[in-house]
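Numbering (my numbering), first residue to last: 1 to 413. Structure, as structure tokens:
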Ligand SMILES: [Zn+2]
């Protein structure tokens, strides 16, 4: 079963690839007739475009997984995470990032929006041929430290490997002072680079942006970060604040979007900014639950992100999609077409969020990035993918090259 996303599923579908690209898509009979000399590989189950993980941190890999089980609430969790960072070696960061990449590939992911805090995440993604964007992160920077941070970012963007697309990530509205945040937006846009930030993740963030007080204000003061919103706030929601400083647009996608209202959602739609939903991370960090049913009903562009192993049980995008599906149903979304809509978010929606026009769909000319899931094919393939796809990836192909193909996949050539 072939699920091209940009067209109806094909029960006896086939794709023909040439080098890194898809040459043609059709029924197996049509493809065999048009390309009689082409070697055939038959897969079981459902073949989809490669999944797009629209928000993760590869560097926070397997050695941080205990934090996802720690039960710490958001601000304590982030303080613990920052404390643990200092103890990691460069070799440790690279090993963790590689561990995350293996987990991503093994679950059918071919592109990621990866937040890079240290640097080895770029190396691990590039060497695996993973698609998507590595967003070099800025965290804990105020006006006084912006010139040095600007120089660091400029250097990081210059030396990055040619095979990996780089963007910028101002961490949040509360860990990056407004002047530095604006500086990062300008630096990215001057270089034609994409942007990605955490937005409206916790109630503490909303309190700080509104009035400049609360647990986040206390943490910033303790760290000596001279944030311009301290004790003042911006008097509005995080989404409206981000828009007011020029931080929304079709070149920006945001992670989480938990604490948003109808006006915020309208703003995100008008600006063309997608939201990467990460409901399992939100639950683990006790940050709340995004209004998935409202996002769907309002027609917001959405994508699916797992977040990192420090706040998520896995990097499996279909496991995350199943969790988003359950949240949507519980919030009253109609089950009619829901699975198809969310598989779309996990593929084409993610590609759109990252600005990847030739990924997330199976169409001639697009990248030959796809994944195969050993799920039932006797019913709706979207429902099968959501209900059974998690942990059932049997092959992942990037640019026409198999990158993860367990020996027991049942594949025959
Ligand atoms: Zn994150």
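Ideal Cβ positions, reconstructed from N, Cα and C, are used throughout, including at glycine.
Pair within 8 Å by beta-carbon distance, residue i and residue j
i	j	result
residue 381	residue 42	no
residue 386	residue 306	no
residue 369	residue 131	yes
residue 122	residue 92	no
residue 94	residue 120	yes
residue 315	residue 103	yes
residue 342	residue 49	no
residue 346	residue 51	yes
residue 116	residue 137	yes
residue 374	residue 394	yes
residue 324	residue 292	yes
residue 204	residue 75	yes
residue 354	residue 194	yes
residue 221	residue 249	no
residue 143	residue 86	no
residue 318	residue 389	yes
residue 308	residue 106	no
Pairwise C-alpha distance: residue j and residue i
i	j	result
residue 289	residue 277	10 Å
residue 300	residue 253	12 Å
residue 206	residue 146	24 Å
residue 310	residue 62	8 Å
residue 30	residue 258	46 Å
residue 230	residue 188	26 Å
residue 268	residue 251	12 Å
residue 84	residue 67	10 Å
residue 54	residue 401	22 Å
residue 39	residue 32	9 Å
residue 262	residue 242	16 Å
residue 5	residue 327	23 Å
residue 109	residue 162	21 Å
residue 397	residue 157	28 Å
residue 284	residue 56	15 Å
residue 245	residue 174	13 Å
residue 202	residue 215	11 Å
residue 11	residue 25	13 Å
residue 197	residue 168	9 Å
residue 417	residue 172	Residue 417 lies beyond the residue range present for the chain, which begins at 1 and ends at 413; the question has no answer from this structure.
residue 399	residue 235	47 Å
residue 240	residue 294	18 Å
Identified DSSP bridge partners for residue i
i	result
residue 137	169
residue 253	196
residue 109	51
residue 114	56, 134
residue 402	397
residue 27	13
residue 18	21
residue 433	There is no way to answer for residue 433, as the model of the chain reaches only from 1 to 413.
residue 372	47, 395
residue 176	141
residue 276	255, 303
residue 296	Paired residues: none, contrary to the question.
residue 2	10, 47
Same chain, Cβ closer than 6 Å to residue i, five either side skipped, listed in chain order
i	result
residue 472	The question about residue 472 has no answer, for the chain in this structure spans 1 to 413.
residue 298	265
residue 180	141, 146
residue 429	Residue 429 lies beyond the stretch modelled for the chain, which goes from 1 to 413, so this question has no answer here.
residue 275	254, 257, 302
residue 176	138, 141, 170
residue 348	5, 360, 361
Sequence-distant residues of its chain with Cβ nearer than 7 Å to residue i (five each side left out)
i	result
residue 313	68, 280
residue 183	146, 150
Same chain only: Cβ atoms within 8 Å of residue i, ignoring 5 sequence neighbours per side
i	result
residue 80	67, 70, 72
residue 22	15, 16, 362, 363, 364, 365, 366, 367, 368
residue 233	208, 209, 210, 211, 212, 213
residue 125	58, 97, 101, 112, 114, 132, 134, 164
residue 336	none
residue 27	10, 12, 13, 14
Which residues have a Cβ closer than 7 Å to any heavy atom of ligand 1, listed in chain order? 55, 57, 115, 198, 255, 307, 308
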